[in-house]
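In this text, residue positions in the sequence shown follow the numbering used here: the first is 245, and each later residue adds one.
Glycine included, each C-beta is placed from N, C-alpha and C at the ideal position.
Quick caveat, the model's predicted, so the values are computed rather than measured.
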Amino acid sequence: MQTNFLVIGSGIAGLNFALNAAKKGEVILITKKRLLDSNTNFAQGGIAAVLDTHDTTKSHIKDTIEAGENHGDPKAIKFMVTHSREAIYHLIDLGVQFEKEKGQLMLTREGGHHAHRIAYVGDYTGAEIEHVLVQRVLEHPNIKIYENTFALDLITKNHECFGAQILHKKRLESVFADQTILATGGLGQVFSNTTNPKIATADGLAMAIRAGAKVEDLEFIQFHPSAFAKNLSPRFLISETVRGEGAHLLNHKKERFMNKRHPLKELAPRSIVAKEIFNELKKGPVYLDISHKKPAYLKKRFPKIYAKLLKHGIRMEKDLIPITPAVHYSCGGIKCDIKGRTNIKNLYAFGEVACTGVHGANRLASNSLLEALVFSNQIVKELKPAKSAKVLILPRPKIASPTSKETALAKKLKRQTQILMWKHSGIIRNPQEIKEKALPQLKGIQEQLAQIHSTNREIAETKNIAQVAENILKSALKRKKSLGCHNIL
Ligand code: FAD
Ligand code: SIN
């Protein structure tokens, strides 16, 4: 196959880029499951932007820099925040219906923000955005969509990207493109305890690493403070906006504790709240309490969370909600400039897989959907289609059946890696344990994986997870001092 733009991934970054690029040329969009399967579809809280008359660009920039512990890139942050308002109106123009009152957008708050600046749709903002973008992409004549199509590896030579090798209907194929766009999302599934759905297996990051792309800040894995403390996989998130609307955090004695730990109390930056909860959990359970609100309000404002908790016997208007931190977001990723360019010619990255430098050492809540949108809006103005035939001979591994011994081994090794990473690369890290236990165990896993010569989605995902796990552990070892989401014992 040949195209102008090959987009890998159908979350907010991939879909939005595809819509923009389709104005310039032909787009092939591939995604490993259904179009809707993405982290984006799970996003609850909303998108941050300067929308309130009392808010300022300066304040949003300051909050982003402070949450990121001054590790972010001020130029990239200024660029993102300056374009935040137009990004929200871009979504509204496409058909996203954010909550409004008397014609005005309703805005909520989350951790680290000093203003009401989160536009939202109930507690299912991501699903609303995803549905609208999918609809627009399906309607577009210049976009060809391939679902259940897995990108195995990038096709590169001499630091130039020509497309990707894909697994489509149990066959290996190559897609050659003028520009290849990685929009493959996050890496939560590298860990056993995560809010991320099963698709978040770090594929794009691993492919980029194998192709020689520069990666950055991988040690900054963000833990969301308030996942529901029920052993679900993925963990069910209780949005930070529940705290934004007045919920308190209580310790095992049913006493508030964040009011003694940070001026923003329950709405302190995420890395700080997650660490405080982690310490409280050593003494006993930690809860969210929003029982002062009326059931009618809670059902309307948080319909999905209300219904999910009810299924587990919890009524938000009277019961405490047990919570625990879980891996949520990768602040680092493939190093990109503000145009999404990587160090490999004709390879771009947008969304969670990219590291544009806006998140620093800890992402400010609801800046992720914003980042994905703003950066995938900008570059398109400059892209030029140049379709020229390219042929490269690629290795062609055998395809393993889903019931093969190799696949069963890959599944087992995936689980082992996830458990290892949660144990040794969690909220508090011990460098000696990483060196003496985690890395040697991971090496053992990688040696077994190297013996698997056939491939399929399960095997490729496990190899990707193990690869990125190694990069996270090594990045964690390099950073000698605690910063943001990286905390050393
Ligand atoms: P994704 O939306 O994850 O899309 C990645 C796509 O790539 C998927 O379609 C996937 O199937 C595909 N893919 C991956 N690998 C391959 C492969 N090898 N071959 C083919 N396709 C592949 N952020 C906010 O700003 N506000 C929020 O309120 C918010 N809430 C969140 C709640 C939850 C529970 C979670 C998990 C995250 C939340 N986030 C939130 C973070 C935010 O949702 C993500 O960072 C963002 O959606 C990432 O978008 P993306 O387009 O980069 O990736
Ligand atoms: C949430 O709703 O708490 C998630 C927000 C985010 O990840 O930015």
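Which value, in whole angstroms, describes the spacing of the CA atoms of residue i and residue j?
i    : j    : result
A654 : Q690 : 10 Å
Q622 : Y333 : 15 Å
N587 : G576 : 16 Å
A457 : G688 : 25 Å
L382 : I373 : 14 Å
T445 : K681 : 23 Å
G347 : Q341 : 12 Å
S303 : N440 : 30 Å
F406 : I399 : 5 Å
Y573 : T284 : 12 Å
G528 : G488 : 24 Å
K526 : T568 : 11 Å
I215 : I410 : The shown model of the chain, from 245 to 733, leaves out residue 215, and the question about it has no answer.
I671 : P629 : 45 Å
D281 : L721 : 33 Å
K735 : Y550 : With the chain represented from 245 up to 733, any question about residue 735 goes unanswered, as that position is not in the structure.
I482 : I443 : 20 Å
K544 : A512 : 26 Å
V571 : H375 : 25 Å
R559 : L532 : 12 Å
G508 : S515 : Looking at the sequence shown, residue 508 is not Gly but Leu. Taking the straight line from one Cα to the other gives about 13 Å.
I387 : I521 : 45 Å
G490 : Q695 : 53 Å
G584 : A473 : 37 Å
V712 : I578 : 12 Å
L553 : E510 : 21 Å
H697 : A710 : 16 Å
L683 : V517 : 29 Å
D461 : H506 : 26 Å
Find the nearest neighbour of residue i within the set the options, judged by alpha-carbon distance.
i    : options                : result
H496 : P566, K681, I362       : P566
F435 : Q466, L411, Q692       : Q466
A450 : A704, G728, A605, R723 : A704
E201 : V376, H412, D397, E404 : Lying before the first or after the last residue shown, residue 201 is absent from the chain, which here runs from 245 to 733.
H357 : V419, I291, T393, R415 : I291
T661 : S648, Q692, R640       : Q692
K268 : P547, D296, K322, H384 : H384
W666 : L686, T647, A652       : L686
V325 : E499, L613, Q246, A710 : L613
S418 : D563, K498, S669, P639 : P639
K548 : M245, V365, T297       : V365
I309 : F249, A605, F420, L493 : A605
G234 : E484, L636, L462, N475 : One cannot answer for residue 234 here, as it falls past the ends of the chain, which runs 245 to 733.
S726 : K498, K519, G339       : K519
T428 : K322, E714, P641, A593 : A593
F420 : E714, N715, E404       : E404
Report the partner residues of residue i according to the DSSP bridge assignment.
i    : result
G407 : I399, F420
T247 : A421
L426 : I252, A593
A363 : I291, L351
A471 : L481, T568
Y390 : I274
V459 : I578
K344 : L349
I643 : T699
R454 : Answer is none; R454 lacks a bridge partner.
Given a cut-off of 7 Å on the beta-carbon distance, is the pair residue i and residue j in contact?
i    : j    : result
I362 : L351 : yes
A616 : I256 : yes
N260 : S645 : no
S328 : A359 : no
I678 : L717 : yes
I582 : A320 : yes
G601 : D317 : yes
Q423 : N674 : no
A471 : G370 : no
V624 : N264 : yes
K658 : T699 : no
A536 : G312 : It should be noted that the sequence gives His, not Ala, for residue 536. No, they are not a contact pair.
V251 : L279 : no
A609 : G448 : no
K276 : F394 : yes
L426 : V597 : yes
E702 : T651 : yes
G728 : F464 : yes
Is there a Cβ from chain B that is less than 7 Å from the Cβ of residue i?
i    : result
D296 : Included in the structure is just one protein chain, with no chain B present.
Please give me, in chain order, every unbroken run of the beta strand (DSSP E) with length at least 3 that falls completely inside the stretch 514-588. 530-533, 565-574, 577-579
Could you give the uninterrupted runs of the alpha helix (DSSP H) lying entirely in the stretch 660-716, keeping only those of 4 residues or more? 683-694
Completely contained alpha helix (DSSP H) runs for the stretch 481-510, where each covers 4 or more residues: For the stretch 481-510, whole alpha helix (DSSP H) runs of length 4 or above, ordered along the chain, are 484-488.
For the stretch 269-322, list the beta strand (DSSP E) runs that are entirely contained and at least 3 residues long, ordered along the chain. List check, beta strand (DSSP E) in window: 271-274.
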